[in-house]
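Since the structure comes first, as structure tokens, the remarks are kept for the end.
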Amino acid sequence: MSAPTKPWFVYLVRAANGALYCGISDDPQRRFAMHRSGRGARFFHTSPAQALVYVEACADKGAALRRERAVKRLSKPAKEVLVAGMGTTEDAQALRKTDSMEDPGMHELILHHYPNSPFAEKARLMLGFKQLSWRSVSIPSVMPKPDLTALTGGYRRTPVLQVGADIYCDTALIARRLEAEKATPPLYPEGLEFIVSGFAAWADRELFQHAVSLAFQDEALAQRFAGLPAEALQGFLADRAALFSGGTLRRLPLVQARQQWPTLMARLQEQLGREIGDFLFGEASLADFAVAHPLWFLCAVPATAGLVDAYPAVSAWLGRVRGVGHGSHDELSALEAIEIARAATPAPLPEGEGWALEGFEPGQRVLVAATDYGVDPVHGELVHSGVEALILRREDPRAGVVHVHLPRLGYRIEAA
Ligand SMILES: N[C@@H](CCC(=O)N[C@@H](CS)C(=O)NCC(=O)O)C(=O)O
71 MSAPTKPWFV YLVRAANGAL YCGISDDPQR RFAMHRSGRG ARFFHTSPAQ ALVYVEACAD
131 KGAALRRERA VKRLSKPAKE VLVAGMGTTE DAQALRKTDS MEDPGMHELI LHHYPNSPFA
191 EKARLMLGFK QLSWRSVSIP SVMPKPDLTA LTGGYRRTPV LQVGADIYCD TALIARRLEA
251 EKATPPLYPE GLEFIVSGFA AWADRELFQH AVSLAFQDEA LAQRFAGLPA EALQGFLADR
311 AALFSGGTLR RLPLVQARQQ WPTLMARLQE QLGREIGDFL FGEASLADFA VAHPLWFLCA
371 VPATAGLVDA YPAVSAWLGR VRGVGHGSHD ELSALEAIEI ARAATPAPLP EGEGWALEGF
431 EPGQRVLVAA TDYGVDPVHG ELVHSGVEAL ILRREDPRAG VVHVHLPRLG YRIEAA
């Protein structure tokens with residue numbers, strides 16, 4: 071029998087100036103005593119720790135870390151509700167539900183996407199995995215996308231997640247936002263965080279590049295665009311050529327993609343044959359959704375479906391991953407989404423998590439752009455640089471003040 075896991079706690083400490091600090095510990099009282107003596111968190115250098123005002127028990131350290139992330143994302147009024155209620159875990163779950171209905175700081179998840187986008191499928195599956203409900207805004211698959219860029223400030227890639235006046239670009243960041251929204255089931259299982267995020271980055275780039283090259287062969291494109299006017303295909307190809315201009319990535323030659331594909335599939339088959347669980351690393355994780363979306367794309371037309379079907383373990387696993395579904399969702403118009411952004415205030419910036427960004431100061435005017443493809447820049451005021459994300463504040467004539475969140479990895483930042 072395995073040893074019972076030790077409970078850990080998420081706690082809130084009030085500083086003398088009224089601010090709330092969120093942390094985790096296996097002994098919150100001892101930790102609070104440390105904060106009182108000025109040790110353990112830089113937060114209390116500006117204003118001393120005054121009272122331990124909230125403690126919530128979690129099953130283990132991993133659960134506490136996930137809960138801490140979720141609590142840190144709550145608005146100040148929502149944190150105050152926790153403090154006032156001193157709830158248990160169940161109470162806090164229920165409370166989060168009421169928060170989203172009553173607290174004007176909490177907003178619905180809105181996904182801007184189109185049906186046959188692989189990265190959008192990755193996002194939809196992640197939403198399904200977490201059994202979240204969301205609103206769906208249809209965006210064009212080619213430029214121009216004026217309603218999308220009113221929110222993003224220029225970022226054009228698909229998908230984009232909107233939460234009120236906060237706009238999340240790139241599925242690498244959308245995954246982290248969804249994890250903060252709902253910790254379980256985790257996209258980053260405890261102890262596998264580094265493996266799944268590294269592996270997902272590999273699949274999103276390497277595997278996806280192969281899939282795109284294979285999916286763009288004539289026969290596959292003809293099947294994809296069957297029944298549509300010839301101009302639709304021409305317009306799509308011209309748009310995708312422009313998508314790559316100015317970026318570092320080049321389309322993988324078809325012959326190379328065909329030659330290398332069996333190696334990629336053999337690796338997946340081998341991993342899936344290990345009987346460590348139903349998914350790539352045992353339990354389902356971000357890694358599964360990152361591998362699934364390029365394969366899902368190939369399965370969509372007969373000309374390329376065989377590239378997946380020829381590998382029974384991969385095909386069966388893909389069925390299981392797709393089985394998580396897309397969560398419950400309903401349609402929202404692009405104009406309503408812009409109106410929601412305009413009416414909302416961006417969420418408070420993450421507290422005490424700032425991370426040095428060499429050469430840049432908070433408040434500076436910058437531009438941030440992807441480096442690989444779809445390099446259209448977003449201009450704004452740099453209001454936060456965290457470990458994973460940069461946040462730009464921008465004011466849009468239609469969407470009002472929004473915070474655009476972009477990943478640090480794979481993006482460049484320049485003074486503007
Ligand atoms: N790194 C980005 C890549 C997104 C991406 O490449 N999306 C494709 C669609 S699957 C795209 O933007 N294509 C051009 C477009 O939709 O305008 C992410 O993870 O979200």
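In the working numbering, the protein residues as written are 71 to 486.
For every residue, glycine included, the Cβ atom is placed at its ideal position computed from N, Cα and C.
D400 is bridged by DSSP to R205. A250 sits away from R412, with the two beta carbons spaced by 9 Å or more. Residue range 230-233 is occupied by the beta strand (DSSP E) that includes Q232. Three or more beta-carbon pairs separated by less than 8 Å link the region 386-400 to the region 185-198, which places the two stretches in contact. Here W425 is exposed, its C-beta having fewer than 16 other C-beta atoms within 10 Å.
S187 and P382 have their C-alpha atoms some 24 Å from each other. Secondary structure in the region 420-466: the beta strand (DSSP E) runs of 3 residues or longer, each lying completely within the stretch, are 435-440, 448-455, 459-466 in chain order. Remark: the C-beta of A273 is outside contact range of ligand 1, defined as less than 8 Å to any heavy atom. The secondary-structure analysis by DSSP pairs A121 across a beta bridge with R84.
Annotation: the continuous beta strand (DSSP E) that includes A485 extends over 481-485. Secondary structure note for S385: its alpha helix (DSSP H) is the uninterrupted segment 382-392. Here the distance from the Cβ of V212 to the nearest heavy atom of ligand 1 is below 8 Å.
Judged by the Cβ position, L152 fails to qualify as a neighbour of ligand 1 at the 8 Å threshold, every heavy atom of the ligand being at least this far. A119 is positioned such that its CB atom lies closer than 9 Å to that of V83. If you draw a 10 Å sphere on the C-beta of G429, you find fewer than 16 other C-beta atoms in it, and that means exposed. In this structure, ligand 1 has no non-hydrogen atom nearer than 8 Å to the beta-carbon of F359. Contact between the region 430-442 and the region 199-214 is absent: fewer than three C-beta pairs spanning the two stretches fall below 8 Å. Apart from the 5 residues on each side of it in sequence, K215 sits with its Cβ closer than 8 Å to the Cβ of I209, R226 in its chain, given in chain order. Distances from the CA of V436 to each of I410, R328, L419, R482 were compared; the closest alpha carbon is that of R482.
Within 10 angstroms of the beta-carbon of V384 lie 16 or more other beta-carbons, which makes it buried. Residue range 470-477 is occupied by the beta strand (DSSP E) that includes G470. Look at the beta carbons and you see the region 443-459 touching the region 309-320: at least three pairs across the two are nearer than 8 Å. A residue is called buried once 16 or more other Cβ atoms fall within 10 Å of its Cβ, and H115, having fewer, is exposed. Just measuring C-alpha positions, the residue of P418, L262, Y91, F351 sitting nearest W387 is F351. P256 and V80 have their C-alpha atoms some 18 Å from each other. Contact between the region 177-191 and the region 218-237 is established, with three or more Cβ pairs separated by less than 8 Å. Straight-line measurement puts the Cα of G470 at about 22 Å from the Cα of R247. Residue V361 holds the alpha-carbon nearest to the alpha-carbon of M335 among V361, V325, G268.
The DSSP-derived three-state label of S267 is helix. Between V438 and L476, the gap from beta carbon to beta carbon is short of 9 Å. Distance from the CA atom of K252 to the CA atom of A245, rounded to whole angstroms, is 11 Å. Between the region 320-339 and the region 269-281, the count of Cβ pairs shorter than 8 Å is three or higher; the stretches touch. With a cutoff of 8 Å, L257 does not count as near ligand 1, since its C-beta is closer than that to no heavy atom of the ligand. For the pair S145 and P323, the CB atoms are not nearer than the 9 Å cut-off. Comparing alpha carbon positions, the residue from A485, T75, R294, A414 closest to P185 is R294. Among the bridge pairs identified by DSSP, W366 is matched with none.
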